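Enquirer:
In our numbering, the protein residues as written are -8 to 537.
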């Protein structure tokens, strides 16, 4: 069988049984209709023929009966005339009897004429009915001959009865009567034979119908068996060409799903299922390649992870060393220099004091940078710990931050404004880290604002305390605002200023998030920037803890 498409196979599976069923219905219907028409026509002919023969038989009986009555009446009339010569009767009675006899004779003659006329009609009707059957011609001819003889004999009886004397009629009527009886017997025999033939024809037709019905049943049975066989063949073909490939696809897909990346269908061909199999094989091949690539990448990632872990260990060792080896000497330098600058070790002049102050400031700046690096490292490693306190007064922290800001702006025409709400709720927070966040923002505002003002606002919004520090500095371009919160990245203004490491704002943002809050900015180049810090009130934190 040629390669068929999936749709063609389904159509074939549907059409084959339908075609056979339609064929069975059509053949059976045509056969039944043909049988019905033939049987109806044959029955009509046979029934009409039998009816005509029955009518003919009845007319024969009437004709002979009427003829016999004429003969008998005539014979009785002869006996009456003979008896009149030996007995005396009244003339009136004789006249009355003669009149009655004449009336009976006229009635019988009229009936005979009627029977003869009907006889001709019935005989002609029967002849017309069987005219198309040449096998009955001899019998019909014999019937016509006997009927003609009967009619002639009947005419002879009428002629004898209506002419001549009664005595003369006696000798002529006796042989006619015998002839009528013989003709009646022969006609009845041949009519019965014809009726029997018609009945036999009906029986034969019935037998033919039964045989045709059996043939139709046999044909329908054969077609039905053919439909069943064709359906089985088509079903077997559909099973082999559809179900088996689909089952094989399922098995291969199961193997592939269980990790056998070498599973392939190996299906080839132009039908849809073969195309699905080929596509599946391509997909399996691609999956195998992707898995192999992924395994290689995983292996590389594991190696990279090992390298990263080693780097982290080195970094941790470095930070631990830096924390001890750098911060301790720096703190010693700062404290010792302070002692010298204060004259604890002996008097110094102004130039020496100024120089020592610069040393202290530089050491503090270096210590601040080291602390930022350590804080960032702790945040990235997840080891940063907050020391939260209850009832932290945000207004107090802001006052301290503003004081620091004013000290940074002594040489600039910049004014610090405050708008701090009087009913600010107390917070649950790490006071030192919160001060660090706000100092970073204030320090940046002072650093990048050459003139104008810095405004510090604090207010309650929903379940949060919002602190906003706005400046009239250079501002930050929209495309650079995300870099502000990235470690070791700075906007152009920061790079041009040449100070800082780019860690202050990333650390502040992560510290705000560790408090359950947020830090974001709004800025426009040339108009300044506003940094917002939103912190949850302590009641909310307590509720969350519960």
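Note that beta-carbon positions come from the ideal geometry of N, C-alpha and C, so glycine has one too.
Just so it is clear, the structure is predicted and the values come from calculations on it, not from any experiment.
Which value, in whole angstroms, describes the spacing of the CA atoms of residue 468 and residue 336?
Expert: Counting from one through the chain shown, the residue named residue 468 turns up at place 477. Counting from one through the chain shown, the residue named residue 336 turns up at place 345. In a straight line, the C-alpha of residue 468 is about 52 Å away from that of residue 336.
Enquirer: For residue 422, which three-state DSSP category applies?
Expert: Here residue 422 corresponds to residue number 431 of the chain shown, with the count starting at 1. Of the three classes helix, strand and coil, the one that applies to residue 422 here is helix, per DSSP.
Enquirer: If you run the structure through DSSP and keep just helix, strand and coil, what is residue 443?
Expert: One-based indexing of the chain shown puts residue 443 at position 452. Strand at residue 443.
Enquirer: Does the beta-carbon of residue 500 have 16 or more other beta-carbons within 10 angstroms, so that it is buried, or is it exposed?
Expert: Mapped onto the chain shown, residue 500 falls at position 509. Looking at its Cβ environment, which holds 16 or more other Cβ atoms inside 10 Å, residue 500 is buried.
Enquirer: Measure from the alpha carbon of residue 196 to the alpha carbon of each residue in 21, 36, 370, then state which is nearest.
Expert: Here residue 196 is taken as the residue at index 205 of the chain shown, counted from 1. The option with the nearest alpha carbon to residue 196 is 36.
Enquirer: Quick one: what's got a C-beta closer than 6 Å to residue 9's C-beta in the same chain, skipping five residues either side?
Expert: On the chain shown, residue 9 is found 18 positions in, with the first residue counted as 1. Closer than 6 Å at the Cβ level, and outside the excluded window around residue 9, lies no residue.
Enquirer: Rounded to whole angstroms, how far is the Cβ of residue 207 from the Cβ of residue 15, which I believe are closer than 8 Å?
Expert: Here the question's residue 207 lines up with position 216 in the chain shown. Here the question's residue 15 lines up with position 24 in the chain shown. With 8 Å as the limit, residue 207 and residue 15 do not qualify as a contact, their Cβ atoms being about 10 Å apart.
Enquirer: Return helix, strand or coil for residue 253, following the three-state DSSP convention.
Expert: To locate residue 253, count along the chain shown from 1; it is residue 262. Note: residue 253 maps to coil in three-state DSSP.
Enquirer: Within its chain, find whatever has a CB closer than 6 Å to the CB of residue 518; leave out the 5 residues flanking it on each side and keep chain order.
Expert: For the purposes of this step, residue 518 is identified with residue 527 of the chain shown, where counting begins at 1. Around residue 518: 466.
Enquirer: Starting from the N-terminal side, write out each stretch of the alpha helix (DSSP H) that is 4 residues or longer and does not extend beyond the stretch 295 to 357.
Expert: 318 to 332
Enquirer: Candidates 525, 150, 115: which alpha carbon is nearest residue 135's?
Expert: To locate residue 135, count along the chain shown from 1; it is residue 144. Comparing Cα-Cα distances from residue 135 to each of 525, 150, 115, the minimum goes to 115.
Enquirer: Would you grab the beta carbon distance between residue 47 and residue 182 for me? Rounded to a whole angstrom, and I think it's under 8 Å.
Expert: Residue numbering aside, residue 47 sits at position 56 when the chain shown is read from its first letter. Residue numbering aside, residue 182 sits at position 191 when the chain shown is read from its first letter. Rounded, the Cβ-Cβ distance is 6 Å, consistent with contact.
Enquirer: Ordered along the chain, which non-local residues of its own chain (more than five positions away) have a Cβ less than 6 Å from that of residue 522?
Expert: As a first step, residue 522 is located in the chain shown; it is residue number 531 there, counting from the start. Here the set comprises 432, 460, 512.
Enquirer: Looking at the secondary structure, which residues open and close the alpha helix (DSSP H) in which residue 246 lies?
Expert: Locating residue 246 in the chain shown gives position 255, where the first residue counts as 1. Element bounds for residue 246: 235 to 248.
Enquirer: Within this structure, are the beta carbons of residue 525 and residue 455 separated by less than 8 Å?
Expert: The residue labelled residue 525 in the question sits at position 534 within the chain shown. The residue labelled residue 455 in the question sits at position 464 within the chain shown. Yes.
Enquirer: Between which two residues does the alpha helix (DSSP H) holding residue 457 run?
Expert: Mapped onto the chain shown, residue 457 falls at position 466. Note, residue 457: premise wrong, no alpha helix (DSSP H); beta strand (DSSP E) at 455 to 462.
Enquirer: What is the residue span of the beta strand (DSSP E) that residue 385 lies within?
Expert: Reading the chain shown from its first residue, position 394 is the one you call residue 385. Element bounds for residue 385: not the beta strand (DSSP E) but the alpha helix (DSSP H), 385 to 399.
Enquirer: Going by C-alpha to C-alpha distance, which of 448, 274, 395 sits closest to residue 427?
Expert: The residue you call residue 427 lines up with position 436 of the chain shown. Looking at the Cα atoms, 395 is the closest of the given residues.
Enquirer: Taking just the CA atoms, how far does residue 59 sit from residue 168?
Expert: Numbered from 1 along the chain shown, position 177 holds the residue referred to as residue 168. Numbered from 1 along the chain shown, position 68 holds the residue referred to as residue 59. Rounded to the nearest whole angstrom, the CA to CA distance from residue 168 to residue 59 is 7 Å.
Enquirer: Going by DSSP in three states, residue 477 sits in which element: helix, strand or coil?
Expert: By 1-based counting over the chain shown, the position of residue 477 is 486. Coil, per DSSP.
Enquirer: Leaving out five residues on either side along the sequence, give the residues of the same chain with a beta carbon under 7 Å from the beta carbon of residue 81.
Expert: Here residue 81 corresponds to residue number 90 of the chain shown, with the count starting at 1. Residue placement at residue 81 cannot be trusted, given a pLDDT of 48 that sits under 50; what the coordinates show is reported in the next sentence. Cβ within range, chain order: n/a, list empty.
Enquirer: What are the start and end residues of the beta strand (DSSP E) that includes residue 409?
Expert: Counting from one through the chain shown, the residue named residue 409 turns up at place 418. First-last of the beta strand (DSSP E) with residue 409: 405 to 411.
Enquirer: Check the DSSP bridge columns for residue 519 and list the partner residues they point to.
Expert: As a first step, residue 519 is located in the chain shown; it is residue number 528 there, counting from the start. Beta-bridge partners assigned by DSSP to residue 519: 515.
Enquirer: Of the choices 233, 220, 288, 56, whose alpha-carbon is the least far from that of residue 176?
Expert: Taking the first residue of the chain shown as position 1, residue 176 is located at position 185. The shortest Cα separation from residue 176 among 233, 220, 288, 56 belongs to 56.
Enquirer: Kindly indicate which three-state DSSP category residue 472 falls into: helix, strand or coil?
Expert: The residue given as residue 472 occupies position 481 in the chain shown. Correct three-state label for residue 472: coil.
Enquirer: Since residue 7 contacts residue 225 with CB under 8 Å, what's their CB separation in whole angstroms?
Expert: Looking up residue 7 in the chain shown gives position 16. Looking up residue 225 in the chain shown gives position 234. Going by Cβ atoms, the distance from residue 7 to residue 225 rounds to 5 Å, so yes, they are a contact pair.
Enquirer: From the DSSP output, in three-state form, read off residue 451 for me.
Expert: Locating residue 451 in the chain shown gives position 460, counting from the first residue. Residue 451: strand per DSSP, three-state reduction.
Enquirer: Examine the Cβ distances between the stretch 186 to 193 and the stretch 143 to 152 and report whether three or more of them are shorter than 8 Å.
Expert: With a cut-off of 8 Å on Cβ pairs, the stretch 186 to 193 is not in contact with the stretch 143 to 152, counting fewer than three such pairs.
Enquirer: Return the chain-ordered list of same chain residues with a C-beta closer than 6 Å to the C-beta of residue 258, the five sequence neighbours on each side being excluded.
Expert: Sequence index remark: in the chain shown, residue 258 carries index 267 (1-based). So the list reads 265, 268, once near-sequence residues are dropped.
Enquirer: Output yes if chain D places a C-beta closer than 8 Å to the C-beta of residue 376; else output no.
Expert: The structure shown contains no chain D; it is built from a single protein chain.
Enquirer: Around the C-beta of residue 220, are 16 or more other C-beta atoms found within 10 angstroms, so that it is buried, or is it exposed?
Expert: Position 229 of the chain shown, counted from the start, is the residue given in the question as residue 220. So residue 220 ends up on the exposed side.
Enquirer: Over the uninterrupted alpha helix (DSSP H) stretch that includes residue 262, give me the two end residues.
Expert: Within the chain shown, the letter at position 271 stands for residue 262. Note, residue 262: premise wrong, no alpha helix (DSSP H); not H, not E.
Enquirer: Mind checking residue 356: buried by the 16 CB within 10 Å criterion, or exposed?
Expert: Within the chain shown, residue 356 is the residue found at index 365, counting from 1. Flag for residue 356 reads exposed.
Enquirer: Across which residues does DSSP place residue 509 in a beta bridge pair?
Expert: Locating residue 509 in the chain shown gives position 518, where the first residue counts as 1. DSSP output for residue 509 lists 525 as bridge partner(s).
Enquirer: Using a 10 Å radius around the Cβ and a threshold of 16 neighbouring Cβ atoms, would you call residue 384 buried or exposed?
Expert: Your numbering for residue 384 matches position 393 in the chain shown. By the 10 Å Cβ count, residue 384 comes out exposed.
Enquirer: Answer with buried or exposed for residue 435, where buried requires no fewer than 16 other C-beta atoms within 10 angstroms of its C-beta.
Expert: Mapped onto the chain shown, residue 435 falls at position 444. Its Cβ being crowded by 16 or more others within 10 Å, residue 435 is buried.
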